[in-house]
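Notes for the one structure printed next.
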Ligand code: OXD
Ligand code: MN
C-alpha cells in the first residue's frame, strides 16, 4: 500500500511486539468492509439487525467492565512531568513504553493486525492530519471507517512524509486493572491496551483529534477543541456559524442537529450541522476564526435520542450504523434504548447480553436495570444526516461568528450571558463546570470544573492551554464573541425550567443578534445578560418573560461560593494559570460583592 519508510519500519517494529498471525491493510472499500462484517457476525462480535428496518446496521456489546472512557487510566507521557500538568495523569514515556510493551507482547497471537490509514479532515486539505491505527479488532476497523476518512488516498497524501500519528491498539484481555490509554505527544504516538470501548480505542477521536491535536495546535498556532459546529440559515439565505463546547453527554449532538421551533421554521430558518464533537480552529486569511470538523461520522449517545429530542440524529442511525451497548428488541430484531419511546420491548436482551425485564427498570439504578447502558452509542455516517451542512467537507471549514461554552448546572449559571472580550471569554471557558454524566466512568451528578469541556482532553498542561487561548486571541483581527449558556437550570422541585432542544435556537438567535450588533444587553457582575424580553418566546407553552427573568437571575451567594471553588481549582491547575485569569477572577469577585 505504501513505500513510506517511516510507516513500514514502525509497522515492522509493532509487528515484532504484538506478533500477529497476518496483516490486513484497510483500503476503505465496501467490499473489504463487507467481508469484515461477515467475519464479525460469524464470531458474534457483531449481530446484524433487521435488514428492512435497519439496512447494514449492527449491534455490538463491549465487556461489562468496559463501557466508557476511563480518565483514571488515561495518561499524557511527556518527558517532563510539568508539561503534562497537574490535571492530567502523567507517566514517564520510557517507563510507560516499557510497562505497556509487556502488556502488548504477543497480544495479537493468532489474530490479524489491521492497519488503518486515516485522515482527520478531508484528505489532502492543508488543515487535515493523518494517522495510522493498528488494531486487532474488527469493531474498531468498522467504526473507524465511519468516523474517519480511510483508504489508499490517505497514504498517497502522506507520500514519504514521516509526519503521521502512530496509534497502537490491542484488546488484549480487556483487563480493567491493566487498561491504559497513553499519549506521547512529543512522539506523535498513542498506545491503548486492554479496552475495546469507543472513546478509548477509536484513536482518531479523543486521543488524536483532541489530546494529540491540542498539543500540535499549540505548537503550530491553531486550536483543537471539544466543540460542535453548526450553521443557522436566515430567511434571506445568509448562514452564520457558531461552535459550542459542552462537556460529554450534555447535548452537543442535539444542539448541532436541532430542528427550529415552528415559528422559525415557518419563516424559513434552517439549521445545518457541520460537526457534533470536535472542531479544529484556525485564523483565516480574512482575519476571522475558521472551524472544521475533522471527523466523518457521529459517535453519539443513544439514550434519550428520539423523534422529538433529535429527529435528525435518529434518521442518521437508520442505515449503515453500528450500535454499541444498546438493548436488542428480539421481536423484530431492532434496537431500543431508554428514552427512544414509551414502549419498552417485552422480549429483549439488555446491554449486558441478558434477558431484560422491563418491569424491573429503576431510574435510580440505570446501570443494573436499564435495557441500554446509559453511555450506549450509535456510530453513524455524517452523510446520513438530513441536516448535514453543504460546507461539511469544505477543506477550510466555516467562519465562526460566536463561540459558546456551556455546562449542566441546576443552579448558578444563567440561560445565557456574553463575555466582555476575548480575554474575559477565555476566562469564562476556564471556569466552566458541569454535573458529571455517564460518558466517563465515575460518580454521576457531581459538579466538577471542566474548562472549555476539555478537562479530559488537553494533551498538555491546563495552564499552558489557557495561555494558548490568550495568545490565539492576539492573533485574530476579527475574533468571534464568546458566550456561556446553561439549558439545565431547575426549579425547586428539580424540573428543568427551560424547554431546551429545538427551542435552544431562540438563545442562539439572541447570540447571533448580539454578534450583528442588533440587540442590546444588560451589564451584570458576570458579563452581559439578555434583556428578558429579547429572548423570543413566541409559540412557547408555559414560558413567560418572567420565566426568562428567573433564568437570567444571578444569585450572588452561589456565585461567590463558585468563586471559592474556582480559586481552589486554579490552585490545583498550578503555577501556569495565566495572570490575566487571576485578574478576571478578582474582577468577578469584586463585581459580585459590589
Ligand atoms: C464523546 C465523549 O464520546 O465526549 O464524545 O465522551
Ligand atoms: Mn465528546
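Numbering (our numbering), first residue to last: 145 to 738.
Note that the Cβ used here is the ideal one computed from N, Cα and C, for glycine as well.
As a quick exercise: from the options, pick the residue whose alpha carbon is nearest that of residue i.
i	options	result
residue 157	316, 245, 325	245
residue 197	697, 517, 334, 475	475
residue 368	571, 293, 265	265
residue 385	417, 520, 358	417
residue 218	277, 159, 343, 611	343
residue 718	610, 592, 145	610
residue 602	153, 636, 227, 292	227
residue 176	150, 669, 258, 658	258
residue 347	338, 334, 249	334
residue 454	647, 148, 149	647
residue 671	618, 679, 728, 711	728
residue 657	642, 639, 356, 624	624
residue 645	394, 497, 527, 735	394
residue 252	280, 241, 594	280
residue 403	174, 652, 249	652
residue 223	300, 327, 390	327
residue 188	282, 250, 174, 254	282
residue 678	697, 655, 508, 451	655
residue 372	360, 380, 400	400
residue 303	412, 150, 411	150
residue 260	299, 618, 215, 490	299
residue 271	181, 216, 423	423
residue 361	425, 336, 714	425
residue 301	501, 147, 478	147
residue 169	274, 234, 195, 295	295
residue 711	250, 680, 726, 527	726
For the putative contact between residue i and residue j, defined by C-beta atoms under 8 angstroms, what is the C-beta separation to the nearest angstrom?
i	j	result
residue 706	residue 556	6 angstroms
residue 396	residue 430	That pair is no contact at about 27 angstroms.
residue 724	residue 614	6 angstroms
residue 205	residue 469	6 angstroms
residue 388	residue 550	6 angstroms
residue 554	residue 633	7 angstroms
residue 345	residue 284	5 angstroms
residue 573	residue 516	At roughly 32 angstroms, the Cβ-Cβ gap does not stay under 8 angstroms, so residue 573 and residue 516 are not in contact.
residue 256	residue 167	7 angstroms
residue 332	residue 356	7 angstroms
residue 676	residue 689	5 angstroms
residue 669	residue 692	Contact doesn't hold; Cβ gap of about 19 angstroms is too wide.
residue 606	residue 231	5 angstroms
residue 254	residue 182	Residue 254 to residue 182, Cβ: 19 angstroms. No contact.
residue 216	residue 604	Not a contact, Cβ separation roughly 19 angstroms.
residue 502	residue 490	7 angstroms
residue 608	residue 720	5 angstroms
Which of the three DSSP states, helix, strand or coil, is assigned to residue i?
i	result
residue 417	strand
residue 612	helix
residue 402	coil
residue 640	strand
residue 326	strand
residue 430	coil
residue 290	helix
residue 746	It is not possible to answer for residue 746, since the shown part of the chain is limited to 145 through 738.
residue 235	coil
residue 250	coil
residue 606	helix
residue 370	coil
residue 654	helix
residue 523	strand
residue 569	helix
residue 169	strand
residue 308	coil
residue 761	Since the first residue shown for the chain is 145 and the last is 738, residue 761 is missing from the structure and cannot be characterised.
residue 505	coil
residue 208	coil
residue 495	coil
residue 592	strand
residue 674	strand
Indicate whether at least one CB of chain C lies closer than 9 angstroms to the CB of residue i.
i	result
residue 277	Within the model displayed, chain C is absent; a lone protein chain is all it includes.
(message) Would the region 485-493 count as touching the region 455-465 if we require 3 or more Cβ pairs under 8 angstroms?
(response) At 8 angstroms Cβ cutoff, the stretches do not touch.
(message) Beta-carbon distances below 6 angstroms to any heavy atom of ligand 2 define the shell here; list its residues in chain order, please.
(response) That query returns the following residues: 370, 392, 421.
(message) Would you call the region 556-567 in contact with the region 622-639, where contact means no fewer than 3 C-beta pairs closer than 8 angstroms?
(response) Yes, they touch.
(message) So, does the region 336-356 touch the region 304-324, judging by three or more C-beta pairs under 8 angstroms?
(response) Short answer: they touch.
(message) Could you check whether the region 439-448 touches the region 518-528, counting it as contact only if at least three pairs of C-beta atoms, one from each stretch, sit closer than 8 angstroms?
(response) Yes: the two stretches touch, three or more of their Cβ pairs being nearer than 8 angstroms.
(message) Check whether the region 290-297 and the region 356-376 are in contact - that is, three or more C-beta pairs closer than 8 angstroms.
(response) With the cut-off at 8 angstroms, the region 290-297 and the region 356-376 do not touch.
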